[in-house]
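> Using my numbering, the letters of the sequence shown map in sequence onto residues 11 to 349.
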Amino acid sequence: MTVDHPTPPPTLLLLATGGTIAGRGVTRTSLNSYTAGAMSGSELLQELPQLQGVAQLQVEQLANLDSADLQFQHWKRLVTRIREAFAESCELAGVVITHGTNTLEETAWLLELLIDDPRPVVLVGAMRPATALSADGPLNLFQALQVAGSPQARGHGVLVVMDGQIHGARAVTKVATQGVGAFQSPDLGPLGWVDDSGVHLPEASRFRSVPFATLALPAQWPEVAILYGCVNPSLALVSSLSHAGVKGVVWTGTGAGQLSSGEREAIKTWPGVLPLMLRASRCGRGPVHPCPLQDELGLLPAGTLNPQKARILLLLALIAGMERAELSALLASMPMIGG
Ligand code: ASP
């Protein structure tokens, strides 16, 4: 006679970094005035007895802050810890990161470019503080853990779970200042969804390229700025950046990444070596394609990357010592990104 042993719940690592999901307000109706990162990851889990039997959790507090205050050293710590945790334990099924929603998409994209493992890394936040009436954090966290422990999520890279939707790190972005459905993946839509019937994701493609999988992150990161296009833009900003010696610039152009003639002239008179430059769009949807008028100035089109994600690609390219031609080849090789 054979005895059936129940399958043990997946082992997951929860890395807590703060945000509104760990926020505390004075009253249950305080939705805007509250302290982000006021509760620990362990406290958040105490609100979720439903996890009993669903996942075996190890919790670590990497930071506890508003995500607008994240620094490169936090990113370095996060990347190091995830790489280490995956290397140390084959029992580990996945990682969940609680994070402020304001810069969540940046951390997700950074990890997508640096973490090479089929096991899921899932970021989650909340739009209402933990103390609010109808706080969205507990269900979001439960669902993020559900996704991270599911075999369906393997091979999809870094995921973001918010409001029952599962997004990919490349396309996801915060599109609203309030409301629980504040995340979207423009042009592509979410990859799938999660509810009490399970995790619904298409099968992951076999090949996932992680361009900076072996890149070691330094203590000191290069300075990369974002400029924002508008009518009669301030050229004083361009001149300050050139004098500060920034190593990279993302130009958030109007329309399909268009710079004004004044900005193009300012690039022509940039003193010294030109920084590595990408051209993104302020539109929020659609690609930025090559354009001879701007390409000849040294600008590379950022394809479908939004400006904040284009900046992360620039940061890592600079850390890796890439030059313009190498970055151009990398962009062209990235599915759904290349301009
Ligand atoms: N201020 C918060 C943050 O840490 C916002 C949030 O988490 O929703 O980004």
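Ideal Cβ placement from N, Cα and C applies to all residues, glycine included.
Do residue 170 and residue 177 have their C-beta atoms within less than 8 Å of each other?
Locating residue 170 in the sequence shown gives position 160, counting from the first residue. Locating residue 177 in the sequence shown gives position 167, counting from the first residue. In contact: residue 170 and residue 177 (Cβ atoms closer than 8 Å).
> Counting only the same chain and skipping the five closest in sequence on each side, list residues whose C-beta sits under 7 Å from that of residue 211.
Along the sequence shown, one-based indexing puts residue 211 at 201. Cβ within range, chain order: 162, 163, 166, 176, 201, 202.
> Have a look at the DSSP bridge pairing and note the partners of residue 204.
Numbered from 1 along the sequence shown, position 194 holds the residue referred to as residue 204. Answer is 209.
> Is there at least one non-hydrogen atom of ligand 1 closer than 7 Å to the beta-carbon of residue 173?
Residue numbering aside, residue 173 sits at position 163 when the sequence shown is read from its first letter. No, the Cβ of residue 173 stays beyond 7 Å of every heavy atom of ligand 1.
> Three or more beta-carbon pairs under 8 Å between the segment 314-322 and the segment 230-238, yes or no?
They touch, by the three-pair rule.
> Using 10 angstroms around the beta-carbon of residue 217, count the other beta-carbons present and answer buried if the total reaches 16, otherwise exposed.
By one-based count along the sequence shown, residue 217 stands at place 207. So residue 217 counts as exposed.
> Could you please give me the residues that DSSP links to residue 269 through a beta bridge?
Your numbering for residue 269 matches position 259 in the sequence shown. DSSP output for residue 269 lists no bridge partner at all.
> What are the partner residues of residue 104, as DSSP defines its beta bridges?
For this step, residue 104 is matched to residue 94 along the sequence shown. DSSP lists 22 as partners of residue 104.
> Could you have a look at residue 88 and say whether DSSP puts it in helix, strand or coil?
Along the sequence shown, one-based indexing puts residue 88 at 78. In this structure, residue 88 counts as helix in the three-state DSSP scheme.
> Could you check whether the Cβ of residue 137 sits closer than 7 Å to any heavy atom belonging to ligand 1?
Stepping through the sequence shown from its first residue, residue 137 is reached at position 127. Yes.
> If I measure Cβ to Cβ from residue 280 and keep anything under 7 Å in the same chain, skipping five residues before and after, which residues do I get?
Taking the sequence shown and counting its residues from 1, one reaches residue 280 at position 270. Around residue 280: 252.
> Mind listing, in chain order, the continuous beta strand (DSSP E) runs of no fewer than 3 residues lying wholly within the segment 202-264?
Entirely contained in the segment 202-264, the beta strand (DSSP E) runs reaching 3 residues are, in chain order, 202-205, 208-210, 234-238, 258-263.
> From residue 18 to residue 63, what distance separates their C-alpha atoms?
The residue you call residue 18 lines up with position 8 of the sequence shown. The residue you call residue 63 lines up with position 53 of the sequence shown. Rounded to whole angstroms, residue 18 to residue 63 spans 8 Å at the Cα level.
> Ligand 1 and residue 112: does any heavy atom of the ligand fall closer than 7 Å to the residue's C-beta?
Position 102 of the sequence shown holds residue 112. Yes - ligand 1 has a heavy atom lying nearer than 7 Å to the Cβ of residue 112.
> Tell me which same chain residues have a C-beta within less than 6 Å of the C-beta of residue 82, skipping the five on either side of it?
The residue you call residue 82 lines up with position 72 of the sequence shown. Once the five neighbours on either side are set aside, the close Cβ partners of residue 82 are 231.
> If you count every other CB in all the chains shown that lies within 10 Å of the CB of residue 90, and 16 or more means buried, which is it?
Counting from 1 along the sequence shown, the entry for residue 90 is found at position 80. Flag for residue 90 reads exposed.
> Helix, strand or coil for residue 40, going by three-state DSSP, please let me know.
Here residue 40 is taken as the residue at index 30 of the sequence shown, counted from 1. In the structure shown, residue 40 sits in coil (DSSP, three-state: anything other than H, G, I, E or B).
> Have a look at 152, 85, 140, 26 and flag the residue whose alpha-carbon is nearest the alpha-carbon of residue 229.
Here residue 229 refers to the residue found at position 219 of the sequence shown. Considering only alpha carbons, the answer is 85.
> Find out if the Cβ-Cβ distance for the pair residue 221, residue 123 is shorter than 8 Å.
Taking the first residue of the sequence shown as position 1, residue 221 is located at position 211. Taking the first residue of the sequence shown as position 1, residue 123 is located at position 113. Yes. Within cutoff.
> Which value, in whole angstroms, describes the spacing of the CA atoms of residue 305 and residue 129?
Stepping through the sequence shown from its first residue, residue 305 is reached at position 295. Stepping through the sequence shown from its first residue, residue 129 is reached at position 119. Using only the alpha carbons, I get a separation of about 38 Å.
> Quick one: residues in its chain with C-beta nearer than 6 Å to the C-beta of residue 26, no 5 flanking neighbours on either side, listed in chain order?
Here residue 26 refers to the residue found at position 16 of the sequence shown. Only 51, 71, 108 meet the Cβ criterion.
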